[in-house]
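Novice: Residue numbers (my numbering): 2 to 176.
Just passing along the structure, written as structure tokens.
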């Protein structure tokens, strides 16, 4: 009986150690909390206010409805906090259009893993290297595009889009 008491006491001490408070702050993890924005075709729901602020952008995004006849999905645009910055951020969410139709069959210029998803960069036919458009496919007829630009320094055109893509990915269903 005495051995059992010591065993229970040892287990109790171990469990008490598991309940210890640790100083510090929890860090955000890109885990989908809801796919309601994706299912409803709402690109503005793909970034939270905190994520927008962390990216150096301001306010709520400005929603623009899609134009299916022109192969344009709905988009949401956020402006930079610093008005001297060149780049705004645009997130497009297509729910009835393939990536191939959207990019006109163009092959991607590069591929990157961001936020646990594969993103392909497509060059803009007009803006070229100064426009960074990262696209991740959700299904055969749905995708998300994250776009930023820098007309003064083409090499910086993807900085904002690549910072935003993991946040957006956190709001997308797992593939």
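By construction, the Cβ of each residue, glycine as well, lies at the ideal position given by its N, Cα and C atoms.
What you are looking at is a predicted structure, and each value in this text was computed from that prediction instead of being measured.
(1) Over what stretch of residues does the alpha helix (DSSP H) that includes residue 101 continue unbroken?
(2) Helix, strand or coil for residue 110 per DSSP?
(3) Count Cβ pairs between the segment 125 to 136 and the segment 77 to 86 that sit closer than 8 Å; are there 3 or more?
(4) State the start and end residues of the unbroken beta strand (DSSP E) segment that holds residue 126.
(5) Which of helix, strand or coil does DSSP assign to residue 70?
(6) Residue 64: buried (16+ other C-beta within 10 angstroms of its C-beta) or exposed?
(7) For residue 166 versus residue 116, is the C-beta spacing smaller than 7 Å?
(8) Taking Cβ positions, are residue 136 and residue 100 nearer each other than 7 Å?
(9) Would you mind sorting residue 88 into buried or exposed? The rule is 16 or more other CB atoms within 10 Å of its CB.
Specialist: According to the data block:
(1) 100 to 104
(2) coil
(3) no
(4) No beta strand (DSSP E) holds residue 126; DSSP gives it neither H nor E.
(5) helix
(6) exposed
(7) yes
(8) yes
(9) buried
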